[in-house]
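The sequence shown runs 8 to 301 under the working numbering. For glycine and all other residues, C-beta sits at the position ideal for the given N, C-alpha and C. Quantities reported herein were computed from a predicted structural model and do not represent experimental measurements. To start, the structure itself, in structure tokens.
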Amino acid sequence: ISFSGRAMVYDFETSDEMSVSSNVLTMEVKAAATASDNACLKSLKISPAQLTPEFNKTVYEYTTEVASDVSKLVIDALPEDEKATVKITGNDLLKEGENKIIVTVLAESGDVIEYTIKVMRAIAPEGETSEEPTIAPGKSQSLFEVVHLDGEVYAVYSGKYKLVTPGSDVAIPEGYVKGEAILSDISVTAYFPEENMDSDFYLIYAENEFGEQGFYLYDKIEKTLQRYAPENFKGSSHAADTEDKDSMQAKKYRANLTKAAVVIAILAALSASLCIALIRLYMKRKGSKEEDLD
Numbered sequence: 008i009s010f011s012g013r014a015m016v017y018d019f020e021t022s023d024e025m026s027v028s029s030n031v032l033t034m035e036v037k038a039a040a041t042a043s044d045n046a047c048l049k050s051l052k053i054s055p056a057q058l059t060p061e062f063n064k065t066v067y068e069y070t071t072e073v074a075s076d077v078s079k080l081v082i083d084a085l086p087e088d089e090k091a092t093v094k095i096t097g098n099d100l101l102k103e104g105e106n107k108i109i110v111t112v113l114a115e116s117g118d119v120i121e122y123t124i125k126v127m128r129a130i131a132p133e134g135e136t137s138e139e140p141t142i143a144p145g146k147s148q149s150l151f152e153v154v155h156l157d158g159e160v161y162a163v164y165s166g167k168y169k170l171v172t173p174g175s176d177v178a179i180p181e182g183y184v185k186g187e188a189i190l191s192d193i194s195v196t197a198y199f200p201e202e203n204m205d206s207d208f209y210l211i212y213a214e215n216e217f218g219e220q221g222f223y224l225y226d227k228i229e230k231t232l233q234r235y236a237p238e239n240f241k242g243s244s245h246a247a248d249t250e251d252k253d254s255m256q257a258k259k260y261r262a263n264l265t266k267a268a269v270v271i272a273i274l275a276a277l278s279a280s281l282c283i284a285l286i287r288l289y290m291k292r293k294g295s296k297e298e299d300l301d
């Protein structure tokens, strides 16, 4: 915090000016004590190669070798703490020779751990070249596929959608959590239903050919992609909630009927007992009067 000019400090009770001096101070802001500082990975797997040495969360450097036709690894990195975030750099396009892939894990508290994978890609024999998948301009396809194009990752399905990172002002839809998915052997950021991480449906965030960004719903069984509109998915949950509410009300109504039946039965028994007692009392008094008359 800095002030321009002369800083004035006044006594709260007397409003008298107090003597002050200036100094340069360093302030360190720490995360709340409740924030997790776990930035370790739970597992780290790659394909189509193997890590050397075998993964251990306390080992931070690994090596591997791939053939000349492999331009990208499929990396599956899962953090121990679900609140930690994982970022992978250096895996977009592997060159021949040595490459370095860095898996960065950011803990909730801000602590960071980096796992480094040194990848040695074999040199292609003379006459062979490795090419990235391309899409002809303006061409679309009905089969879902994720490809690399001009250094970016695209989802292709009746159009071309560039996978992008949501801005800080974009809220993840309620009920979804961030994770990683493998599509067409490419690791992408996805958003899974919180209560069913193995769901056949999850979200990706992408930009369409008109520059419009938003969430899209992917069906991994049918391999289809459609724009995600939360209001289109509220009907079924609302209907389920309504059914549950009606079921609860029906159960409550039946319980009340049972209670009422028990109360009525008890009152009926008491009424019958009272009537019998009154009849006996009447008969007894009537008998006493007849004896007196005799």
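>> Under DSSP, the beta strand (DSSP E) around K52 begins and ends at which residues?
In response: 48–54
>> Using C-beta distances below 6 Å, list every residue in its chain close to Q233, excluding the 5 sequence neighbours before and after it, in chain order.
In response: L224
> If you draw a straight line from the alpha carbon of K230 to that of L264, how long is it in whole angstroms?
Replying inline: 51 Å
> Which term fits K259, buried or exposed, when burial requires 16 or more other beta carbons within 10 angstroms of its beta carbon?
Replying inline: exposed
>> Just to confirm, is the Cβ distance from K94 to T71 under 8 Å?
In response: no
> What beta strand (DSSP E) runs, 3 residues minimum, are completely inside the region 151–218?
Replying inline: 152–156, 159–163, 167–170, 183–190, 193–200, 208–214
> Using DSSP with H/G/I as helix, E/B as strand and the rest coil, what is Y235?
Replying inline: coil
> Can the beta-carbon of S194 be found closer than 8 Å to that of I82?
Replying inline: yes
> Would you call F199 buried or exposed, if buried means 16 or more other Cβ atoms sit within 10 Å of its Cβ?
Replying inline: buried
>> Pairs of beta-carbons, one from the region 213–222 and one from the region 169–179, closer than 8 Å: are there three or more?
In response: yes
> Hey, is T196's beta-carbon within less than 8 Å of any beta-carbon in chain D?
Replying inline: This model lacks chain D altogether, as it is built from one protein chain only.
> Going by the beta-carbon positions, is the gap between S212 and P237 smaller than 8 Å?
Replying inline: At residue 212 the sequence reads Tyr, which differs from the Ser that was named. Taking 8 Å as the Cβ cut-off, Y212 and P237 do not qualify as a contacting pair.
> Roughly how far, in whole angstroms, is the beta-carbon of E202 from the beta-carbon of Y183, given that I think they are within contact range, below 8 Å?
Replying inline: Incorrect: roughly 10 Å between the Cβ atoms, too far for contact.
> With DSSP run on the structure shown, which of helix, strand or coil describes Q57?
Replying inline: coil
> Do S165 and R128 come within 8 Å of each other at the CB atom, strictly closer than that value?
Replying inline: no
>> Can you tell me whether N98 is buried or exposed? The criterion is at least 16 other CB atoms within 10 Å of its CB, across all chains shown.
In response: buried
> What are the residues that DSSP puts in a beta bridge with T123?
Replying inline: E68, I109
>> Spatial neighbours of F62 within its chain, please: C-beta separation below 8 Å, excluding the five flanking residues on both sides.
In response: L48, S50, L51, K52, Y69
> Smallest Cα separation from E105: which of G117, A84, L113, V73?
Replying inline: V73
> Leaving out the 5 sequence neighbours to the left and right, which residues in its chain are closer than 7 Å to I109 when beta-carbon positions are compared?
Replying inline: T96, G97, E121, T123
> Who does V73 pair with in a DSSP beta bridge?
Replying inline: R128
> Are the Cβ atoms of A56 and A91 separated by less than 8 Å?
Replying inline: no
> What is the DSSP secondary structure of I82, counted as helix, strand or coil?
Replying inline: strand
> Can you tell me whether DSSP reads L281 as helix, strand or coil?
Replying inline: helix
> If you draw a straight line from the C-alpha of G186 to the C-alpha of T41, how long is it?
Replying inline: 23 Å
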